């Protein structure tokens, strides 16, 4: 394996690992803030217990999200030096601004929240967790403005220096800030974080309700989470549809791979069962077709023309299998999550949730769904963008560091895998331990 | 003033603020096993940095981000040339963060002892590696039109090692002073003793660093060109002397403040000699990365300047507020009544 392949694996491993913790941080911070606010407003101690218990799980998860985030910032320079040199003029700004406006806010006020129970007033304490929640969401926005620029580069021009080296320079910061691709990506991602938090709270609550522990506490948690889950999964689907339209318009090669469309055609059908054959440039199996559905999803117009993969030279096509399968499974999981939330909301509308064993078991078993869906979504976004690192501008193969050796990256990849593997074990063990222990 | 010059100053300042703020956390992390005599004391020491260490580490992320945004070519080459060193740094910072946060989550001696060891090692390594990295930046890296001709072991040259030792001692001493301010009674006395014992070593190594910089680096060129710059190392030495003065008078907060000033001026001693380079080439100055040949476009620098002018004061305002909220020393009752964290 060469430096490029190893670096790609390393980026995949480290960013995916980071993203196990990020969505729960995004969603659970908001839920914890909501619970604490209800306490301040009502003086009902159960809400305070909820804020403390879910907040303690939030913190165990948050710690790993923070420490694994620094890796990503450093890695652009360490492994992707050519990328950093080429796009730093425009890509560096959102990262630097993210640290300044969001990361500071989050890291400082989490300290106030953890250690400030007796030092600041109740209102200021509740405000602290709201600031943390706001900052994590704002952080996601700046990071996705940066990623959105890699997906749909805007507001730049290419400049050649005296030595003949080309780089992208920012000419329009407002264009970067208003990049429609980044905004649909942001809403889709953040809402999926709320869904993760909802499923997390439902699953932990279900575990306790199955054992009849603290039923008032966990029924109230379950109901709040079920409602958040339903709203967020529906909105994830809606923003996903908007995002799909954006991809079809901006990244036709990714869209064609997501649906495995080979021939350019009007009124493209969707096949419920489909097996892509990349070597043969066709699908070896297409079953249960819905006429014109792909065209409709892409452009909200059943007659719209879809560009097929064959209209792109082979070297400019993304790997079809991982893009297609990830997309299909993500959508399938999304639909399943909506159904689970519908059942959860409907059957928990009356007090007696603890008696509905089947619902609780379903909620418990559904915990992995939003995690897997979120990670697959990133596979679609990043693998589907290949061979480009910046769509249409710079190829991933031209972005890797020149001064780094195979041995260095092989060593670092092995190191990250071992370290992160160990951390994952510790974190899951701690989360399970504290989740099982229940509220103090 | 040219924006590149402004961003050179901001770049240096961001790294320096990081060294000052994480410096005492790293120093305390290195020493806390030796300073404490009981589990309660260890919890008190960790608790003294608990509310702030996370926010302090963000200065590193900001310094890295600012390097990326303002000087992308320097960011790209510096981070890829220092690959192995940065990897060790990342692993250390990850391990330290997790060990601090998770130490109190499991109530067994084996777990806590493991975390204590991890915190000590993962605090020493970043301090040392930052010193080695900046020593080598001051010294210049072997790079030319082809690329980089150095290696990780090449960074461990005498001057790089000396700077590494200087950073370790500066931070350890800084951390001991912080602990003496933020605790009371026997623990505070012990921390103060540790600072007293470290001080002569800091002085000797700081003077050795100044003396070695003349033959080992080209930092002195700027000092010969603008003799007024000599006030920077002079203030550094004066601040170092002031630490001892305040400490022996018993004004520990003033001693800690003087330690902050010392770190600021020690770093700026090197940075003032570096200007206008960010990373000099030890092969030929023609290949040095300077603020002119590695910066972002004027437009990007202007955008970043506006963002910094708006948001950095806000950050400083709420950070000051938080330090005031948690200004009281940590006492035994704080860790005994609170079963939750640390």
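Residue numbers (the working numbering), protein chains in the order written: chain A, 79 to 518; chain B, 24 to 365. Cβ atoms here follow ideal geometry from the backbone N, Cα and C, with glycine treated the same way. All of these numbers come straight from a predicted model, not from anything done at the bench.
Which runs of the alpha helix (DSSP H) spanning at least 4 residues fall entirely within the region 271-305 of chain B, listed in chain order? 275-297
Find out if the Cβ-Cβ distance for the pair residue 236/A, residue 244/A is shorter than 8 Å. yes
Ordered along the chain, which non-local residues of its own chain (more than five positions away) have a Cβ less than 8 Å from that of residue 103/A? Closer than 8 Å at Cβ, skipping near neighbours: 136, 139, 140, 143, 214, 271.
Can at least three beta-carbon pairs, one atom from the region 97-104 of chain B and one from the region 221-236 of chain B, be found at a separation below 8 Å? no
Contact under 8 Å by Cβ, residue 384/A with residue 346/A: The answer is yes: Cβ separation under 8 Å.
Given a threshold of 16 other Cβ atoms within 10 Å of its Cβ, counted over all protein chains shown, does residue 230/B qualify as buried or as exposed? exposed
Three-state secondary structure (DSSP) of residue 234/A: strand
Could you pull out every unbroken alpha helix (DSSP H) segment of at least 4 residues lying fully inside the region 159-186 of chain A, listed in chain order? 159-175
Rounded separation between residue 366/A and residue 349/A - CA only: 6 Å
Using C-beta distances below 7 Å, list every residue in its chain close to residue 207/B, excluding the 5 sequence neighbours before and after it, in chain order. 352, 354
Is residue 319/B close to chain A? Criterion is C-beta to C-beta, closer than 8 Å. Closer than 8 Å to some Cβ of chain A, the Cβ of residue 319/B qualifies, so yes.
Does the Cβ-Cβ distance between residue 155/B and residue 183/B come in under 8 Å? At the C-beta level, residue 155/B and residue 183/B come within 8 Å of one another.
Decide if residue 176/B is buried, meaning its Cβ has at least 16 other Cβ atoms within 10 Å, or exposed. exposed
Which word fits residue 146/B, buried or exposed, when buried means at least 16 other C-beta atoms lie within 10 angstroms of its C-beta? buried
Quick check on residue 98/B - is its C-beta less than 8 Å from some C-beta in chain A? With 8 Å as the cut-off, residue 98/B counts as an interface residue toward chain A.
In this structure, how does DSSP classify residue 473/A when only helix, strand and coil are distinguished? strand
Can you give me the C-alpha to C-alpha distance between residue 155/A and residue 266/B, rounded to a whole angstrom? In this model, residue 155/A and residue 266/B are separated by some 38 Å (Cα to Cα).
Using a cut-off of 7 Å between C-beta atoms, extract the partners of residue 89/B located in chain A. 174
4 or more residues per run - each alpha helix (DSSP H) lying fully within the region 34-107 of chain B: Listed in chain order, they are 62-72, 76-93, 95-104.
Are the region 80-92 of chain B and the region 169-180 of chain A touching by the rule of at least three beta carbon pairs closer than 8 Å? yes
Cβ-based burial, residue 332/A [other Cβ within 10 Å; buried from 16]: buried
Supposed contact pair residue 426/A and residue 304/A - C-beta distance, whole angstroms, cut 8 Å: 5 Å
Have a look at the DSSP bridge pairing and note the partners of residue 466/A. 473/A
Any alpha helix (DSSP H) of 4 or more consecutive residues that is wholly inside the region 358-391 of chain A: Counting only runs of 4 or more, we get 371-377.
Comparing C-alpha positions only, which one of 82/B, 118/B, 67/B sits nearest to residue 34/B? 82/B
Tell me whether residue 228/A sits in a helix, a strand or coil according to DSSP, three-state version. Residue 228/A: helix per DSSP, three-state reduction.
Test item: CB-CB of residue 412/A and residue 314/A under 8 Å: yes
Tell me, please, whether the region 271-289 of chain A touches the region 204-212 of chain A by the rule of three or more beta-carbon pairs shorter than 8 Å. no
Contact list for residue 53/B against chain A, beta-carbon separation under 9 Å: Chain A residues near residue 53/B: none, gap ~19 Å exceeds 9 Å.
Of all Cβ atoms in chain A, is any one closer than 8 Å to the Cβ of residue 302/B? no
To the nearest angstrom, how far is the alpha carbon of residue 67/B from that of residue 161/A? 45 Å
For residue 303/B, is the classification buried or exposed, using 16 other Cβ atoms within 10 angstroms of its Cβ as the cut-off for buried? buried
Please list, in chain order, the chain B residues whose beta carbon lies closer than 7 Å to that of residue 221/A. Result: empty, since nearest Cβ-Cβ is about 11 Å, beyond 7 Å.
Closer than 7 Å, Cβ to Cβ, to anything on chain D: give me those residues from the region 107-136 of chain B, in chain order. Given the protein chain composition of this structure (A and B), no chain D is represented.
Which residues in chain A have a C-beta closer than 7 Å to the C-beta of residue 103/B? List them in chain order. 155, 156, 159, 479, 481, 482
Member of 370/A, 201/A, 434/A whose CA lies at the smallest distance from the CA of residue 120/A: For residue 120/A, the closest of 370/A, 201/A, 434/A by C-alpha to C-alpha distance is 201/A.
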